[in-house]
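K.L.:
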Amino acid sequence: MLLRSGFYPSPVRPVFPVVFFFSKLETQNSKFKDMSSHTESTSPKVTVPYLQDLKARGQKIVMITAYDYPTARLADEAGCDLILVGDSLANTALGYENTLPVTFDEMLIATKAVNRGAHRAMIVADLPFGTFQLNDEEAVRAAIRFVKEGGAEAVKIEGGRNRYALVKQLVDNGIPVMGHIGLTPQSVLQMGGYKVQGKSLSAARKLLDDALSLETAGVFALVLEVIPTPLGKLLTERVSIPTIGIGAGLHADGQVMVMSDMLGLNFGKSAKFVRQYVDAKTIMSNAIKQYAEDVRNQNYPAAQESYEMPAALAEQIQRNIGVDENEIPYVIYAD
Ligand code: KIV
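If you count by this note's numbering, then the sequence shown holds residues 31 to 365, one letter each, in order.
1. Return helix, strand or coil for Ile347, following the three-state DSSP convention.
2. Kindly provide the ranges of any alpha helix (DSSP H) runs that are 4 or more residues long and lie completely inside the stretch 79-145, ordered along the chain.
3. Could you compute how far the alpha carbon of Met292 sits from the alpha carbon of Ala120?
4. Taking DSSP as the reference, what is the three-state secondary structure of Ile174?
5. For the alpha helix (DSSP H) holding Thr214, just list the boundary residues, first then last.
6. Heavy atom of ligand 1 less than 6 Å from the Cβ of Ser118, yes or no?
7. Reducing DSSP to helix, strand and coil, say where Ile271 ends up.
8. Near Leu213, which residues of its chain fall below 8 Å by C-beta distance, leaving aside the five closest residues on each side in sequence?
9. Quick check on Asn367: buried or exposed, where buried means 16 or more other Cβ atoms within 10 Å of its Cβ?
10. So, is Gly262 buried or exposed, given that buried needs 16 or more other C-beta atoms within 10 angstroms?
11. Using DSSP's beta-bridge definition, name the partner residues of Met287.
12. Three-state secondary structure (DSSP) at Ile318?
13. In angstroms, rounded to a whole number, what distance separates the CA positions of Leu81 and Ile91?
14. Is the number of C-beta pairs between the stretch 176-196 and the stretch 139-156 that are closer than 8 Å three or more?
15. Based on DSSP bridge pairs, tell me the residues matched to Gly209.
16. Along the alpha helix (DSSP H) that carries Asp309, what are the first and last residues, could you check?
17. Would you kindly report the start and end of the unbroken beta strand (DSSP E) that includes Val154?
18. Check whether the Cβ of Thr95 lies closer than 6 Å to any heavy atom of ligand 1, and answer yes or no.
19. Going by DSSP, what residues sit across from Ile276 in a beta bridge?
20. Kindly confirm or deny that the stretch 116-130 and the stretch 321-335 touch, where touching means at least three C-beta pairs closer than 8 Å.
21. Shorter than 6 Å, the distance from the beta carbon of Ile271 to the closest heavy atom of ligand 1, or not?
22. In three-state terms, what does DSSP make of Asp324?
23. Using only the heavy atoms of ligand 1, determine whether one of them is closer than 6 Å to the beta carbon of Val253.
24. Which residues in the same chain as Gln89 place their Cβ atom closer than 8 Å to its Cβ, once the five residues preceding and following it in sequence are excluded?
25. Rounded to whole angstroms, what is the Cα-Cα separation between Ala169 and Ala195?
26. Going by beta carbon distance, what residues of the same chain come within less than 7 Å of Val78, once the five residues before and after it are set aside?
27. Taking the alpha carbon of Ala148 as the point to measure from, which residue in Met137, Gly109 and Pro131 has its own alpha carbon closest?
28. Going by C-alpha distance, which of Met208, Pro131, Met93 and Ile347 is nearest Glu107?
29. Round the Cβ separation of Glu188 and His210 to the nearest angstrom and send it over; I've been treating them as touching at under 8 Å.
30. Using a threshold of 7 Å, state whether the C-beta atoms of Ala241 and Leu264 are closer than that.
31. How long is the line joining the alpha carbons of Asp283 and Ala86, rounded to whole angstroms?
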């Protein structure tokens, strides 16, 4: 059985990343961006036609997940074309076992934070489990909220032919939709685990039908998750829209990675398709341990991390404090 990266049940519950905490401190969906320090990209803003053009020119599309302001900003400044506020938020940042429990409200908070961090990249918000299964009306309402309140520029929906009507309705109403077929983690209970999909003739044929159906419904791009490389190639050749692979081989028009997987910031065993570029978990863990040691050994804070005041005033305070506090001027020194 192939378990999807970041989904492994772990004896240690994943910690709540500091970066997600920052997003919770954001109070409103303002478009305010700190332009003074945000690297301005000379590349054009990513749009649906721009992505289509990349496919036509054979240029690979880069997509990555982000769930908060700092990681969105890093992804945007690194030149990623698409930022996916994936429902993998559930297991990578919120500590759930899989993607099923994450709520629309949790996804909306993350989408707002990502919107504040990204300028150039197109922001795609994942419709979480439970928002589109009951009826299309609810799904359209959720998608509109992602766009209107969250600043998303597209939504992603897991599923194939069965999503034809919903996709068409969203697209007819001006909301770009990204499809997602192959391994669809929201169906993990039905699939019985995170396994390679499309391994038989009939399964491959079904995936092609799904891809063509979604294309007809109007998706602007299609995620292909964990399918054999030859099938990824065939699907990419058969549809006119860009395909974005994750564990689907080299021939997809683009690739997507879960950011915590590539940074080495997860607590389970990684899937075969993950390439880890840095061991951020060890780096962060060592930094936190060092901080704890410094506090305990009184190495922190040092003089340069502390605030001074004139010695005479300090002495005056020392002498008078508790005698008549009204006589003591209350002054905060900047340094
Ligand atoms: O939620 C997610 O991160 C995803 C991708 C990895 C495609 O759906």
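For every residue, glycine included, the Cβ atom is placed at its ideal position computed from N, Cα and C.
P.N.:
Short version:
1. Counting from 1 along the sequence shown, the entry for residue 347 is found at position 317. Ile347: helix per DSSP, three-state reduction.
2. 99-107 and 119-122
3. The residue you call residue 292 lines up with position 262 of the sequence shown. The residue you call residue 120 lines up with position 90 of the sequence shown. Roughly 17 Å between the two C-alpha positions.
4. Start at 1 with the first residue of the sequence shown, and residue 174 comes out as number 144. The answer is helix: DSSP assigns Ile174 an H, G or I state.
5. Counted from its first residue, the sequence shown places residue 214 at position 184. Unbroken run through Thr214: none, as it is neither H nor E.
6. On the sequence shown, residue 118 is found 88 positions in, with the first residue counted as 1. Under cutoff, so the answer is yes.
7. Taking the sequence shown and counting its residues from 1, one reaches residue 271 at position 241. Correct three-state label for Ile271: coil.
8. In the sequence shown, residue 213 corresponds to position 183, counting from 1. Excluding sequence neighbours, Leu213 sits near Arg34, Met221, Tyr224, Lys225, Val226, Gln227, Glu255, Val256, Ile257 and Gly277.
9. Nothing in the structure corresponds to residue 367, since the chain is present only between 31 and 365.
10. Taking the first residue of the sequence shown as position 1, residue 262 is located at position 232. Classification of Gly262: buried, given that the 10 Å Cβ count is 16 or more.
11. As a first step, residue 287 is located in the sequence shown; it is residue number 257 there, counting from the start. The partner list for Met287 (beta bridge, DSSP) reads Ile94.
12. Within the sequence shown, numbered from 1, the residue matching residue 318 stands at position 288. Here Ile318 sits in helix by DSSP.
13. The count along the sequence shown starts at 1 and reaches residue 81 at position 51. The count along the sequence shown starts at 1 and reaches residue 91 at position 61. Roughly 7 Å between the two C-alpha positions.
14. yes
15. Stepping through the sequence shown from its first residue, residue 209 is reached at position 179. Ile187 and Leu252.
16. Walking along the sequence shown from the start, residue 309 turns up at place 279. Unbroken run through Asp309: none, as it is neither H nor E.
17. By one-based count along the sequence shown, residue 154 stands at place 124. Run containing Val154: Met152 to Asp156, per the beta strand (DSSP E) assignment.
18. For this step, residue 95 is matched to residue 65 along the sequence shown. Because some heavy atom of ligand 1 lies under 6 Å away, the Cβ of Thr95 counts as near it: yes.
19. For this step, residue 276 is matched to residue 246 along the sequence shown. Note: Ile276 sits in a beta bridge opposite Glu255.
20. no
21. Position 241 of the sequence shown holds residue 271. Not under cutoff, so the answer is no.
22. Numbered from 1 along the sequence shown, position 294 holds the residue referred to as residue 324. Residue state, collapsed to three classes: helix.
23. For the purposes of this step, residue 253 is taken as the residue at position 223 of the sequence shown. The answer is yes for Val253.
24. As a first step, residue 89 is located in the sequence shown; it is residue number 59 there, counting from the start. If we look at Gln89 and ignore the five residues flanking it on each side, it has no Cβ neighbours.
25. Sequence index remark: in the sequence shown, residue 169 carries index 139 (1-based). Sequence index remark: in the sequence shown, residue 195 carries index 165 (1-based). Using only the alpha carbons, I get a separation of about 11 Å.
26. Here residue 78 corresponds to residue number 48 of the sequence shown, with the count starting at 1. The residues are Pro206 and Phe250.
27. The sequence position of residue 148 within the sequence shown is 118, counting from 1. Cα-wise, what sits closest to Ala148 is Gly109.
28. Against the sequence shown, residue 107 aligns to sequence position 77. The shortest Cα separation from Glu107 among Met208, Pro131, Met93 and Ile347 belongs to Met93.
29. Position 158 of the sequence shown, counted from the first residue, corresponds to residue 188. Position 180 of the sequence shown, counted from the first residue, corresponds to residue 210. Contact flag correct, Cβ pair sits at about 5 Å.
30. Mapped onto the sequence shown, residue 241 falls at position 211. Mapped onto the sequence shown, residue 264 falls at position 234. No, the Cβ-Cβ distance between Ala241 and Leu264 is not below 7 Å.
31. Position 253 of the sequence shown holds residue 283. Position 56 of the sequence shown holds residue 86. The straight-line gap from Cα to Cα measures roughly 10 Å.
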